[in-house]
Every structure is written in C-alpha cells, then in structure tokens.
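Numbering (my numbering), first residue to last: 85 to 186. Think of the CB as a built atom: it goes at the ideal place given N, C-alpha and C, for glycine as much as any other residue. Since this is a predicted model, take the numbers as computed values, not measurements.
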C-alpha cells in the first residue's frame with residue numbers, strides 16, 4: 085500500500101475527485117492541497133482563525149492528528165472528528181478522503 089512516510093489523499097469538490105498518491109506525511113491537508121493545485125479557501129492564510137478551509141473527512145480520520153486547540157476555539161466539536169480545518173489536520177499516514185467546502 086503506502087510506505088510509512090507516504091500517504092494517499094483524496095480531495096472531493098463539486099462532484100470532482102482528485103486522488104494524490106505518494107504524498108509525504110506530516111503535512112496539513114491545506115499544505116497538500118496548495119502543493120498540488122487543489123483549491124481550498126483560506127482567508128487567514130492557513131493560521132486556523134477563520135474556518136474557510138473547513139473540510140469533511142469522509143474516511144481516514146484515524147490517520148490525522150487529534151483536533152487542535154485552534155479548531156476547538158473556532159467552534160469545531162471534538163465529538164465530530166470528521167469536520168476539521170484543512171490548515172490544522174496533519175496527515176500521519178495511510179489514506180485520507182476529504183470533501184472540500186461541504
């Protein structure tokens with residue numbers, strides 16, 4: 085499947101599916117999107133203070149870091165780990181499937 089330091093990320097937006105294989109782990113979904121020309125809104129520049137980069141994780145939330153303090157301060161619920169800020173969720177491995185601007 086994937087090596088320990090690589091992952092697969094799938095972005096979905098407006099019915100389009102963009103699959104990215106062989107992605108380095110340790111990056112946020114927003115960083116991965118930016119590096120691969122996938123458009124995610126980011127009014128605050130990825131600083132975790134605006135919620136415009138919100139994504140819905142369809143699968144693979146177990147492959148992300150835990151919800152951050154910034155996310156909780158922005159009103160996200162730790163009991164709903166599928167709703168995250170793209171700038172705060174770090175992909176640690178495996179596969180992550182995220183829907184943009186849901």
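- Counting along the chain, residue 183 sits inside the beta strand (DSSP E) bounded by residues 178-184.
- The Cβ-Cβ distance between residue 115 and residue 132 does not fall below 9 angstroms.
- The continuous alpha helix (DSSP H) containing residue 153 extends over residues 153-157.
- Secondary structure of residue 100 (DSSP, three-state): strand.
- Note on geometry: alpha-carbon atoms of residue 103 and residue 93 lie some 6 angstroms from one another.
- A Cβ-Cβ distance of about 6 angstroms is found for the pair residue 117 and residue 95, placing them in contact under the 8 angstroms criterion.
- Between residue 159 and residue 135, the CB-CB gap stays under 9 angstroms.
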